[in-house]
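Trainee: One structure is given below, represented as structure tokens, and several questions about it will come after.
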Amino acid sequence: MDNHFLTHLQHEKDLSTTAVQTLQRDLTNFGDRQSEIIPLLKRFSQLPGNDVQYSVHHTPTKPSPLAGKHIAFLGSSVTAGFGGLGESFVDYLAKQDSIIPFKETLSGTTLVDRGVFTPHDSYVSRLQNIPANAPLDAFVLQLSTNDAKGTAGPLGTISISHHYDPYTITGAIETILATVRQRWDVPILVYTNPRYHNELYRQMVERLLTLQDKWSFATVDLYHSPSFDLTADQFALYMADFIHPTRAGYQQKWLPVFEKALETACC
Numbered sequence: 001m002d003n004h005f006l007t008h009l010q011h012e013k014d015l016s017t018t019a020v021q022t023l024q025r026d027l028t029n030f031g032d033r034q035s036e037i038i039p040l041l042k043r044f045s046q047l048p049g050n051d052v053q054y055s056v057h058h059t060p061t062k063p064s065p066l067a068g069k070h071i072a073f074l075g076s077s078v079t080a081g082f083g084g085l086g087e088s089f090v091d092y093l094a095k096q097d098s099i100i101p102f103k104e105t106l107s108g109t110t111l112v113d114r115g116v117f118t119p120h121d122s123y124v125s126r127l128q129n130i131p132a133n134a135p136l137d138a139f140v141l142q143l144s145t146n147d148a149k150g151t152a153g154p155l156g157t158i159s160i161s162h163h164y165d166p167y168t169i170t171g172a173i174e175t176i177l178a179t180v181r182q183r184w185d186v187p188i189l190v191y192t193n194p195r196y197h198n199e200l201y202r203q204m205v206e207r208l209l210t211l212q213d214k215w216s217f218a219t220v221d222l223y224h225s226p227s228f229d230l231t232a233d234q235f236a237l238y239m240a241d242f243i244h245p246t247r248a249g250y251q252q253k254w255l256p257v258f259e260k261a262l263e264t265a266c267c
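Under UniProt numbering, the sequence shown has 22 at position 22, and the numbering climbs by one with no breaks.
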């Protein structure tokens, strides 16, 4: 791993220690693909939306009803903050609202229980990394865009029993929902990415909304939100690419939405 690159990035962009740890974990996981990923991160670092003024360190703390809430986040690159140099909405919630996060992320991984880089890197497998005795107040799950590439597993069907197929997208979601319900019994929020051109992801969003009737979880539905239909100028500031927000995107667009959703869920 190029530790010199991360050290330089930390100083140049005022990255938090958590952000550096997130990037270190991702780069280690990418293995031989580091030679592709580091130039991408270098390009992201030069985007206006990743200027120092948008860093977690430059985000003030405010009185918040979320202060002290223990919230788990299970996801991949969008929850990790890949486009924000390792800083995502999770880190802004920790800084601005003083939540205590369990940030279980690994870029490039899927809901479906088939390892992308290692045998146990799926959402289903990594759920076990969150301590069963963690005093959680809420649980946030990302509807992964990686599954929408179509190589991990099919969409699948909603189970009519208590057995779920983790090798399908629907079954993996239900496996996670059932485990969270049994293990912690706390409010669950599942969030989607904003709309982008992918038919399978559209189907995944629709399946997620259908699952609400069965599982009674909340959704942060950015896919259908008009406020995330960005102009060209907004896109240039708020997005690193069609999937990943910049730090400005997380701070100014995503943070207020998640504050409101979490306050409704657990306050």
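Where a beta carbon is used, it is the ideal one built from N, C-alpha and C, also for glycine. Treat the numbers as computed from the prediction; the structure is a model and nothing was measured.
1. With a threshold of 16 other CB atoms inside 10 Å of the CB of P245, please say whether the residue is buried or exposed.
2. Compare the beta carbon distance of L74 and L141 with 8 Å and say whether it is the shorter of the two.
3. I'd like to check one pair, A67 with S98: are the Cβ atoms closer than 8 Å?
4. Which value, in whole angstroms, describes the spacing of the CA atoms of L127 and G150?
5. Can you tell which of I243, E259, S107 and L230 has the C-alpha that lies nearest to the C-alpha of Y201?
6. How should S227 be labelled, buried or exposed, when 16 other C-beta atoms within 10 angstroms of its C-beta is the threshold for buried?
7. Rounded to whole angstroms, what is the Cα-Cα separation between P256 and G249?
8. Spatial neighbours of Q34 within its chain, please: C-beta separation below 6 Å, excluding the five flanking residues on both sides.
9. Tell me, please, whether the region 17 to 24 touches the region 80 to 93 by the rule of three or more beta-carbon pairs shorter than 8 Å.
10. Relative to the ligand SAH, is the shortest distance from any of its heavy atoms to the C-beta of L9 smaller than 7 Å?
11. Take residue 269 and list the residues in its own chain whose beta-carbon comes closer than 6 Å to its own, dropping the five residues that flank it on each side.
12. Applying the 10 Å Cβ sphere with the 16-neighbour rule, what's the burial state of E259?
13. Using DSSP with H/G/I as helix, E/B as strand and the rest coil, what is E104?
14. Among T118, M204 and L211, which one has its Cα closest to the Cα of I160?
15. Buried or exposed, going by whether 16 or more other CB atoms sit within 10 Å of the CB of V52?
16. Contact defined as beta carbons within less than 8 Å: I believe P187 pairs with A236. What is the distance between those atoms, to the nearest angstrom?
17. Check the DSSP bridge columns for A138 and list the partner residues they point to.
18. Per the DSSP calculation, Y191 is bridged to which residue(s)?
19. With burial defined as no fewer than 16 other Cβ atoms inside 10 Å of the residue's Cβ, what is the status of G31: buried or exposed?
20. Pick out the complete alpha helix (DSSP H) segments inside the region 85 to 130, 4 residues or longer, and give them in chain order.
21. List the DSSP bridge partners of P39.
22. Determine, using beta carbons only, whether T105 and S76 come nearer to each other than 8 Å.
23. Just reading off the alpha helix (DSSP H) that P256 is part of, what are its end residues?
24. For a test of the three-state rule: what should DSSP assign to P245, helix, strand or coil?
Mentor: Short version:
1. buried
2. yes
3. Their beta carbons are under 8 Å apart, which means S98 touches A67 by this criterion.
4. 22 Å
5. I243
6. exposed
7. 11 Å
8. L27
9. Counting Cβ pairs under 8 Å, three or more are found: they touch.
10. The model on display carries no ligand, and the ligand SAH is accordingly not part of it.
11. For residue 269 there is no data in the structure shown, the boundaries of the chain being 1 and 267.
12. buried
13. Strand, per DSSP.
14. L211
15. exposed
16. The pair is not a contact, with the Cβ atoms about 35 Å apart (cut-off 8 Å).
17. I71
18. According to DSSP, which records beta bridges pairwise, Y191 is partnered with Q142 and V220.
19. exposed
20. 89 to 97 and 123 to 126
21. Under DSSP, P39 shares a beta bridge with no residue.
22. yes
23. L255 to C266 is the extent of the alpha helix (DSSP H) around P256.
24. strand
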